[in-house]
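Student: The sequence shown begins at -10 in the working numbering and counts up by one. For every residue, glycine included, the Cβ atom is placed at its ideal position computed from N, Cα and C.
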Amino acid sequence: MPHDEHRAVDFFAHGALPAPRVTADQAERIADRHLGLTARATPLGSQQDANFLLRADDGTAQAILKIANPAFGPVEIDAQDTAADLIAAAHPELRVATVVRHPDGSPRRTTVDTDGGPAVARLLRFLPGGPLTGSRHLSPVTVAAMGAVTAKVSSALRDFRHPGLERVLQWDLRHAPRVVAELAGHIGEPDRRAAVRTATADAWAAVENHAAALPSQAVHLDLTDDNLIRSLVGHPPTPDGIIDFGDLTTSWAVSDLAVSLSSMLHHDGVEPHHVLAAVRAFHAVRPLSAQEAEALWPLVVLRAAVLVASGHHQAAVDEDNAYATAALDHEWHIFEQATRLPHQVMTRLVREAIGAAGAPARADAPAHGLLRGVTAADVTFLDLSTGADSMDHGAWLAADAERRPALAALTDGARVVATHHAQARLTRAPALSAESPATVPTGVDLWLGQAVVVQAPAGGEVLAAAPGRIGIAYGAMVLTLSFPDTVRPAVDAGSTVRAGEDLAVLPAGAAVHVALTSADGLVVPRLVRPEYAAGWLALTADPAPLLGLPAAGRAKPVDLLERRGAVFAAVQGHYYADPPRIERGWRHHLLSVEGRSYLDIVNNVTPLGHAHPRVEQAVARQLRRLNTNSRFHYASVVEFTERLAALLPEPLDTVFLVNSGSEAVDLGLRLAVGATGHHDVVAVREAYHGWTYASDAVSTSLQDNPNALTTRPSWVHTVDSPNAYRGRHRGVEAVRYGPEAAAVIDGLAASGRPAGAFVSETFYGNAGGVALPEGYLADVYAAVRRHGGLAVADEVQVGYGRLGHWFWGFEQQQVVPDVVCVAKGMGNGHPLGAVITSKAVADRYRDQGYFFSSTGGSPVSSIVGLTVLDALRDEDLQGNAVRAGGRLKGRLQALAETYAVIGAVHGSGLYLGLELVRDRGTLEPATEETAELCERLLDLGVVVQPTGDHLNILKIKPPLCIDDDAVDFFADMLDRAFRELGHHG
-10 MPHDEHRAVD FFAHGALPAP RVTADQAERI ADRHLGLTAR ATPLGSQQDA NFLLRADDGT
50 AQAILKIANP AFGPVEIDAQ DTAADLIAAA HPELRVATVV RHPDGSPRRT TVDTDGGPAV
110 ARLLRFLPGG PLTGSRHLSP VTVAAMGAVT AKVSSALRDF RHPGLERVLQ WDLRHAPRVV
170 AELAGHIGEP DRRAAVRTAT ADAWAAVENH AAALPSQAVH LDLTDDNLIR SLVGHPPTPD
230 GIIDFGDLTT SWAVSDLAVS LSSMLHHDGV EPHHVLAAVR AFHAVRPLSA QEAEALWPLV
290 VLRAAVLVAS GHHQAAVDED NAYATAALDH EWHIFEQATR LPHQVMTRLV REAIGAAGAP
350 ARADAPAHGL LRGVTAADVT FLDLSTGADS MDHGAWLAAD AERRPALAAL TDGARVVATH
410 HAQARLTRAP ALSAESPATV PTGVDLWLGQ AVVVQAPAGG EVLAAAPGRI GIAYGAMVLT
470 LSFPDTVRPA VDAGSTVRAG EDLAVLPAGA AVHVALTSAD GLVVPRLVRP EYAAGWLALT
530 ADPAPLLGLP AAGRAKPVDL LERRGAVFAA VQGHYYADPP RIERGWRHHL LSVEGRSYLD
590 IVNNVTPLGH AHPRVEQAVA RQLRRLNTNS RFHYASVVEF TERLAALLPE PLDTVFLVNS
650 GSEAVDLGLR LAVGATGHHD VVAVREAYHG WTYASDAVST SLQDNPNALT TRPSWVHTVD
710 SPNAYRGRHR GVEAVRYGPE AAAVIDGLAA SGRPAGAFVS ETFYGNAGGV ALPEGYLADV
770 YAAVRRHGGL AVADEVQVGY GRLGHWFWGF EQQQVVPDVV CVAKGMGNGH PLGAVITSKA
830 VADRYRDQGY FFSSTGGSPV SSIVGLTVLD ALRDEDLQGN AVRAGGRLKG RLQALAETYA
890 VIGAVHGSGL YLGLELVRDR GTLEPATEET AELCERLLDL GVVVQPTGDH LNILKIKPPL
950 CIDDDAVDFF ADMLDRAFRE LGHHG
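1. Taking just the CA atoms, how far does residue 272 sit from residue 206?
2. Is residue 607 closer than 9 Å to residue 575 when the C-beta atoms are compared?
3. Alpha carbon to alpha carbon, how far is residue 956 from residue 877? Give it in angstroms, no decimals.
4. Measuring only the C-alpha atoms, how far is residue 67 from residue 54?
5. Using the C-alpha atoms, what's the distance from residue 668 back to residue 709?
6. Have a look at 213, 9, 728, 639 and flag the residue whose alpha-carbon is nearest the alpha-carbon of residue 292.
7. Do the CB positions of residue 646 and residue 838 come within less than 9 Å of each other?
8. Any chance the stretch 231 to 248 sits against the stretch 267 to 284, with 3 or more Cβ pairs inside 8 Å?
9. Please report the straight-line C-alpha distance between residue 409 and residue 879, rounded to a whole angstrom.
10. What residues in its chain sit with their C-beta under 8 Å from that of residue 798, if we drop five residues either side in the sequence?
11. So, using beta-carbon positions, are residue 24 and residue 71 closer together than 9 Å?
12. May I ask you to list the residues that DSSP assigns as paired with residue 644?
13. Using 8 Å as the threshold, is the stretch 893 to 900 in touch with the stretch 814 to 824, meaning 3 or more CB pairs across them?
14. So, do the stretch 922 to 931 and the stretch 756 to 774 have three or more beta carbon pairs nearer to each other than 8 Å?
15. Leaving out five residues on either side along the sequence, give the residues of the same chain with a beta carbon under 6 Å from the beta carbon of residue -10.
16. Secondary structure at residue 968, three-state DSSP: helix, strand or coil?
17. Pairs of beta-carbons, one from the stretch 524 to 532 and one from the stretch 487 to 499, closer than 8 Å: are there three or more?
18. Please determine if the stretch 563 to 580 and the stretch 366 to 383 are in contact, where contact requires at least 3 C-beta pairs separated by less than 8 Å.
19. Determine the burial state of residue 440: buried for a count of at least 16 other Cβ atoms within 10 Å of its Cβ, exposed for fewer.
20. Threshold first: 4 residues or longer. Then list the alpha helix (DSSP H) segments lying entirely within the stretch 132 to 206, N to C.
21. Which stretch, first to last residue, makes up the beta strand (DSSP E) that contains residue 902?
22. Rounded to whole angstroms, what is the Cα-Cα separation between residue 386 and residue 416?
23. CA-CA distance, residue 156 and residue 62?
24. If I measure Cβ to Cβ from residue 683 and keep anything under 6 Å in the same chain, skipping five residues before and after, which residues do I get?
25. Hey, residue 325 and residue 300 are a contact pair by Cβ (cut 8 Å); roughly how many whole angstroms apart?
26. Look at residue 671 and residue 662 and say whether their C-beta atoms are less than 9 Å apart.
27. Could you check what DSSP says for residue 450 in three-state terms: helix, strand or coil?
28. Could you say which of 174, 790, 228 lies nearest to residue 140 if we only look at CA atoms?
29. Our contact map puts residue 472 next to residue 495 with C-beta atoms below 8 Å; I'd like the distance itself, whole angstroms only.
30. Who are the Cβ neighbours of residue 35 in its own chain at under 7 Å, not counting the five residues just before and after it?
31. Are residue 731 and residue 769 closer than 9 Å when you measure CB to CB?
32. Between the C-alpha atoms of residue 198 and residue 884, what's the straight-line distance to the nearest angstrom?
33. Since residue 699 and residue 651 should fall inside the 8 Å C-beta cutoff, what is the C-beta to C-beta distance between them, to a whole number of angstroms?
34. Provide the residue(s) that pair with residue 810 in DSSP beta bridges, ordered along the chain.
35. Between the Cα of residue 154 and the Cα atoms of 928, 461, 65, 771, which residue gives the shortest distance?
36. If I measure Cβ to Cβ from residue 468 and keep anything under 6 Å in the same chain, skipping five residues before and after, which residues do I get?
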């Protein structure tokens, strides 16, 4: 029958919209005969339309053939094509699947007969890049970009009007309750069907409160991961293309954002809090109104419910539609995530994301204190935060980490011990966790030192009363008390109490939980995860005023990063774009103020582990006695330098003490130049040695200084990076680096500029722990020495047992340097460095004057150095580097067999490097992929960073105390992150 030009679809009139059945052969004939394009057709998925990719004989994509559902009339199709053109014109930076047009500007579309009746067929522009669809984890930049694109579309369509917009679609969230009511019966599982219906009713009730104030306009209504196309450049993938305008209609403007957010929720590792980046990005382009912010998450829930109901319905009426059937699982996952938290919680988080959180609820001071006879002076607060002294020495990991200090305070005479409302508790953090733990309390806990009468702070109805529990109305909130179930309340549920009336008598030693929550019936957990805390806490108030104490308040703190940027030189960068605030360390763990424990994989500054008790005690003891400079006569500097010199072979017997690796290398070069009288220095390319004038001059790492090779002073000469993996000579050919470097040194001497020093790391740390080729240092050391120069070994990163099988890196090369520079690990975080050389070289320094370092070799520094050496020996940490490092390297090598992005596993002991490449043949560095991996690992509880000139190598150098559980956790999280980010073999 003829296609009605003015008809618009009404989903409820049709009841079902199965996609037209069109074969690839039929699609090719339509394209050829009706649209003038000869091509090969490949079917693409769609729930209600028939889509085909048209390719030329050589495989080049030419266009998309879209055959609309027969229910959609020409006026609707014209609206879609016009809207696409409008967006393309308004935002030229976006690629849009506009209709392909004839030379005269008319669209290449026609009407064809299908099994369901006449349907509009047309050619659309093909956008290369592929959609964001699939289960791949969406990184924060991807999520934000999706929100920004959605906002641009919404802005472009704000004033668009067209008769083809007046449609009744099942995807229009204004009709969500009716859609679910009519289609939910197709959901086979009774529990899922009931959950969808309940969530729909709850969310719709929330939307109805704001519906009249929600602006309506033309909306795309399907800006999902399926219809946002990846940009052809950059990583992580971000969208710059828009396809499929088939759901274009008039509806609430905020629906486009709700639809986009819902599509993110099925991706691996994406939780509701992750999509708030899209809300912020949307709001920055197209501000949300207060009413839209209130309605947004309920609309996400409605979208999820509609997806589930419609998906099951479509699978039932269109059994051959593989696209619809395949989507059922991820649609259910979207629903689970959308309803993971009450929409009221997510709404508070949305409001916070756009800067409209509002003031927190506050409890008024009551007429009667909750605990009769207890005043503010009787209450001792228990600090369970990351910064609490009671958390020292790993105490936060103990099962009784809360009860023990509380009972100790009671023993010391406290009448009542109370915790802080909303203060994150480190005590609830496991040492290793892929998900942030619930650490933020929504109420307070009390421990009683003596029997106390609990009384009603104000008059109100008793909402619940049972052994161990009372709930009463307190103004607009509910006061809940939990206590030992051996105690029976003195009141009954349903009764009304007067202010000051007895509620219960609690015995001495009782533990009590007190919470003030909103009266809307939501069950607020006692502890919530930090990412969701702002949403949950908005439903609570601090109960402190009920105890006669001031409420703590939750004023938004001044951003610490902003304060840092205002006074701390920006060139002193920080890890991560949005870093956690780390205020404590313990062994191989870093602890944030939110009560999250992160596995530290990057900190070779602390080989013994963070907060080592022996170091702390030794430093405190020495500070109580003496700390001055090394010109004074005291024992510790002698004992330390004796111990240090004893660790090195002859003739290295004389020690200088400084404060850092940069100073150590700088001094080492000055010693060599002074002893030889030759001012030229040979250094290895792609190396980093420090920031002082001399150590920076020989640093050629392009990441530390992009102009490193072009800004070297004339006395610095460089040789090839001896990288056997990605250097000029690879594999067995790497033995050529040594003779070639020696030839450079010989050439300098022949030109009249013999090198006074050759400086290099003894194990190529800056390249990610790459071992130097066999015999390399022997060749180069021999060359520099035969012309009167000295060999300077930079052991700052790799020395002190980190390599496991060797205490010093030069031992792996079976050579002995003339000067050894060391720092980092020797102080376990205390600023301490050293240069060890022969007495003959050291004595020549007198020709340049005298040497003095105010705190290098101070009593405290010397004691630290001695204590570190003792702990390294007593705890067999070099042996642990062999054992744990071997276990970790084996796990990494196994991952390399699974994931092609892993090009190589470098290193020894606990100085390892995982090098990521886009192609194992070309070794193209996977720089952006490495950055994305580091961000994902942070989310999974691991701190690790990239290194190397291409920043494509994970530098793996944890504290040497790392144990097997932590090694396995790191490897497991790597495996998970690789998988979630779409890497494969």
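Tutor: Working from what's here:
1. 17 Å
2. no
3. 6 Å
4. 16 Å
5. 21 Å
6. 213
7. no
8. yes
9. 45 Å
10. 750, 751, 752, 782, 784, 787, 788, 792
11. no
12. 825
13. no
14. no
15. Here residue -10 scores only 39 on pLDDT, less than 50, and its place in the model should not be relied on; the value that follows carries that caveat. Answer for residue -10: no residue qualifies.
16. helix
17. no
18. yes
19. exposed
20. 165 to 172, 179 to 197
21. 900 to 905
22. 6 Å
23. 10 Å
24. 655, 658
25. About 14 Å; that fails the 8 Å criterion.
26. no
27. strand
28. 228
29. 6 Å
30. 8, 312
31. yes
32. 52 Å
33. About 22 Å; that fails the 8 Å criterion.
34. 783, 824
35. 65
36. 461, 505
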